[in-house]
Amino acid sequence: EPEVTQTPSHQVTQMGQEVILRCVPISNHLYFYWYRQILGQKVEFLVSFYNNEISEKSEIFDDQFSVERPDGSNFTLKIRSTKLEDSAMYFCASTSGFMNTEAFFGQGTRLTVV
Amino acid sequence: QQQVKQSPQSLIVQKGGISIINCAYENTAFDYFPWYQQFPGKGPALLIAIRPDVSEKKEGRFTISFNKSAKQFSLHIMDSQPGDSATYFCAASLNSNSGYALNFGKGTSLLVTP
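For the record, the sequence lines run as chains A and B. Per this note's numbering, the first sequence runs over residues 495 to 608. Per this note's numbering, the second sequence runs over residues 56 to 169.
Listed below in structure tokens is the structure:
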């Protein structure tokens, strides 16, 4: 069964450092997403990416965040200068495209900022 | 603004009982309403979804009831099993060319006791 894979599973970083979270979406999917889930809270949408550009972003996705699809398979989320409140589980997801809206989620990267 | 409101926050049901989780949404433009199941340490996984042109959808022990006029939808788990113990999230999204960003409820922690 196809799946979304994320690396690393857990990342610890010092406040102010840059982190890059990596995802490999399902190969024939066209839309890619990042969501985050602060411990014990709901899953929150960050950004969607289609045709090599951001198609939608939330208020959370400010200038310290960026996304990139550096090659044909990887999809990355970069946080430039991490803050304590960035500590959360970050989920990558993908959907195949128009009229098929099922989102497949990866297992997540737990980011801990100390 | 909380676009999707979910209740209850937690639920304890005996094995064999019916689990009912409710959600209400605000944006009448939403046209896709999925339920996700999440086990500890895992990403959300699609359980069942409905579009507003039908009032009910059943898949095995899981049923979504949808009330468009009341802007409410609910998940019913029949014959609940201990293996159903997980966190359940309702969500809603728009069908748009920019993607299908999911607006999640806050989640319901379900415990099914033996």
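Where a beta carbon is used, it is the ideal one built from N, C-alpha and C, also for glycine.
In angstroms, rounded to a whole number, what distance separates the CA positions of residue i and residue j?
{"i": "S74/B", "j": "H131/B", "result": "6 angstroms"}
{"i": "C586/A", "j": "G71/B", "result": "35 angstroms"}
{"i": "S560/A", "j": "D108/B", "result": "37 angstroms"}
{"i": "R516/A", "j": "G96/B", "result": "17 angstroms"}
{"i": "L519/A", "j": "K551/A", "result": "This sequence places Pro at residue 519/A; Leu is not what is there. P519/A and K551/A: Cα-Cα distance of roughly 18 angstroms."}
{"i": "Y80/B", "j": "Q127/B", "result": "6 angstroms"}
{"i": "Q136/B", "j": "D565/A", "result": "43 angstroms"}
{"i": "G138/B", "j": "Q61/B", "result": "22 angstroms"}
{"i": "Q511/A", "j": "R574/A", "result": "7 angstroms"}
{"i": "N545/A", "j": "Y527/A", "result": "12 angstroms"}
{"i": "S503/A", "j": "S140/B", "result": "23 angstroms"}
Taking 7 angstroms as the threshold (C-beta atoms), are residue j and residue i in contact?
{"i": "Y155/B", "j": "T589/A", "result": "yes"}
{"i": "E562/A", "j": "T570/A", "result": "yes"}
{"i": "S129/B", "j": "N82/B", "result": "no"}
{"i": "T576/A", "j": "V541/A", "result": "no"}
{"i": "I105/B", "j": "E114/B", "result": "no"}
{"i": "Q58/B", "j": "N158/B", "result": "yes"}
{"i": "L66/B", "j": "T168/B", "result": "no"}
{"i": "Q531/A", "j": "A582/A", "result": "yes"}
{"i": "L605/A", "j": "Q535/A", "result": "no"}
{"i": "F539/A", "j": "Y529/A", "result": "yes"}
So residue i and residue j are supposed to be a Cβ contact under 8 angstroms. How far apart are they, rounded?
{"i": "F555/A", "j": "P99/B", "result": "Actually they do not touch by this definition, with Cβ atoms about 19 angstroms apart."}
{"i": "Q64/B", "j": "K161/B", "result": "7 angstroms"}
{"i": "A125/B", "j": "P89/B", "result": "The Cβ separation is near 19 angstroms, so there is no contact."}
{"i": "L165/B", "j": "V68/B", "result": "7 angstroms"}
Name, going along the chain, the residues of the stretch 113-127 of chain B whose beta-carbon falls closer than 9 angstroms to a beta-carbon of chain A. Those would be none; no residue qualifies.
Could you tell me which uninterrupted alpha helix (DSSP H) segments, each at least 4 residues in length, are contained entirely in the stretch 79-131 of chain B, listed from first to last along the chain? Within the stretch 79-131 of chain B, no complete alpha helix (DSSP H) run reaches 4 residues.
Interface positions of the stretch 587-606 of chain A facing chain B (Cβ-Cβ less than 7 angstroms), listed along the chain: T589, T595, E596, A597, F599, G600, Q601 and G602
Check distances from the C-beta atoms of the stretch 560-580 of chain A to those of chain B and list, in chain order, the residues that come in under 9 angstroms. Listed by position along the chain: nothing, the set is empty.
Threshold first: 3 residues or longer. Then list the beta strand (DSSP E) segments lying entirely within the stretch 520-602 of chain A, N to C. 525-531, 537-544, 547-551, 559-562, 569-573 and 582-589
Name the residues in the stretch 507-537 of chain A whose C-beta lies less than 8 angstroms from a C-beta of chain B; which are they? Y525, Y527, Y529, Q535, K536 and V537
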